[in-house]
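Engineer: My structure is below; once you've seen it, I'll send some questions.
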Amino acid sequence: MLQKLIVTVLAEDSVPYESPLLGQHGLSLWVEALGPGGRRKILVDVGQNHEALLYNAERLGIDLADVDAVVLTHCHYDHTKGVTALVRATGRRDLPVIAHPSLFRPHFVVRPFIEHVGVMDGDGPEELADAGARLLLTADPLPLMEGLMTTGEVPRQTDFESPGIDLFTLDDAGRLKEDAVMDDLSLLAVVEGQGLVVLTGCSHAGIVNIVRHGLALTGSHELAAVIGGLHLVEADESRIDRTVAALEALHPKLVAAGHCTGFRAQAALYGTFKAAFQTLGSGRRFVISGQVHDSQT
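In numbering that gives the first Met the number 0, the protein residues as written are 0 to 296.
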């Protein structure tokens, strides 16, 4: 188990009141994990504007050259755009970049018009390798250190969750098919005395599916926190209500949701969890150790 987990929001759609930081449509989390093997620093996603990300990191006193690994939760541009430039800016060589094997597939919407929304030009595997990345692409859960791992591919078990948006890809024969975003993965941390912390990008696998999978993978019996995007922005009221009820049954001590969660879902989460609910925003910091709390920068 980890002794402490510190999660700082480097990029998000909003900024807290009177913050000097920059917002962008996207998400990036700076994760510091303290365990028996020492302290490790993980960057989860990079938003879509690496210059704004670098600006926020500097203002927050975070040296991205200290990063030990990058986790890309899924292919979408607002989580991966500029990752090559970001890796290059760290000055690191052989920097582990962890993602699902299908990360670089064709991935697009067709409404209101066809548009690629996956990994953008310049952020492909060859460019990343040239910048200093060592790609670790796996559909399996991947341990990063004791008490910290990825979910790998998340089983879709609930009957009310979906990717939240109509997406398409092409198979090896060039045939069009719906894209279920099977590359959607999350980061799991088990903190001593608190339980499981789930860090998500967009939760296209469904946040209830993700949390249940995380509890089963880690053997945890308590849910300390869910932090990230829940992609309920276009969900109907039934799905929002069922999601909130399913999360309530798991008794999380903290739900911190932003980015693609949407106002209606945030309002429903606040209505249920009250003080245990927090919004996200660039610069917000969450510390999970002896007690769950957050501090705003």
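Each residue gets a CB set at the ideal place from its N, CA and C atoms; glycine is no exception. Just so it is clear, the structure is predicted and the values come from calculations on it, not from any experiment.
Sorted by chain position, which residues of the same chain lie with C-beta nearer than 7 Å to Leu169's C-beta, five sequence neighbours on each side aside?
Structural biologist: Here residue 169 is taken as the residue at index 170 of the sequence shown, counted from 1. Correct list, in chain order: Pro105 and Leu175.
Engineer: If we require 3 or more residues per run, which beta strand (DSSP E) segments fall completely within the segment 55-83?
Structural biologist: Fully enclosed beta strand (DSSP E) runs of 3 or longer: 68-70.
Engineer: What residue from Ser237, Leu231, Leu26 and Ile209 has the CA that sits closest to Ala224's CA?
Structural biologist: As a position in the sequence shown, residue 224 is number 225, starting the count at 1. Out of Ser237, Leu231, Leu26 and Ile209, Ile209 has the C-alpha closest to the C-alpha of Ala224.
Engineer: I'd like the ranges of any beta strand (DSSP E) spanning at least 3 consecutive residues and lying wholly in the segment 144-227.
Structural biologist: Listed in chain order, the complete beta strand (DSSP E) runs (minimum 3 residues) inside the segment 144-227 are 147-149, 167-169, 175-177, 186-190 and 194-198.
Engineer: Look at Ser202 and Asp183 and say whether their C-beta atoms are less than 9 Å apart.
Structural biologist: Here residue 202 refers to the residue found at position 203 of the sequence shown. Here residue 183 refers to the residue found at position 184 of the sequence shown. Yes; because the gap between Cβ atoms is below 9 Å, this pair is in contact.
Engineer: Going by C-alpha to C-alpha distance, which of Pro19, Met148 and Arg284 sits closest to Gly34?
Structural biologist: Here residue 34 is taken as the residue at index 35 of the sequence shown, counted from 1. Answer by Cα proximity: Met148.
Engineer: Suppose the cutoff is 6 Å on Cβ atoms and the five residues either side in sequence are ignored; what does the same chain contact list for Val69 look like?
Structural biologist: Residue 69 sits at position 70 when you count from the first residue of the sequence shown. Cβ neighbours of Val69 beyond the five flanking positions: Leu42 and Val96.
Engineer: Using 10 angstroms around the beta-carbon of Gly289, count the other beta-carbons present and answer buried if the total reaches 16, otherwise exposed.
Structural biologist: For the purposes of this step, residue 289 is taken as the residue at position 290 of the sequence shown. Exposed is the call here.
Engineer: So who's on the other strand from Lys3, going by DSSP bridges?
Structural biologist: Indexing the sequence shown from 1 puts residue 3 at position 4. Answer is Leu33.
Engineer: For Tyr76, count neighbouring C-beta atoms within 10 Å of its own C-beta (all shown protein chains included) and say buried if the count is 16 or more, exposed if not.
Structural biologist: The count along the sequence shown starts at 1 and reaches residue 76 at position 77. Its Cβ being crowded by 16 or more others within 10 Å, Tyr76 is buried.
Engineer: So, under 8 Å CB-CB, Leu195 and Gly213 are touching, yes? Tell me the CB distance rounded to an integer number of Å.
Structural biologist: Residue 195 sits at position 196 when you count from the first residue of the sequence shown. Residue 213 sits at position 214 when you count from the first residue of the sequence shown. Rounded, the Cβ-Cβ distance is 6 Å, consistent with contact.
Engineer: Is the CB-CB distance between Val30 and Ile61 below 9 Å?
Structural biologist: Along the sequence shown, one-based indexing puts residue 30 at 31. Along the sequence shown, one-based indexing puts residue 61 at 62. Cβ atoms of Val30 and Ile61: not closer than 9 Å.
Engineer: Within 10 angstroms of its Cβ, does Glu125 collect 16 or more other Cβ (buried), or is it exposed?
Structural biologist: Position 126 of the sequence shown holds residue 125. Exposed: under 16 other Cβ atoms inside 10 Å.
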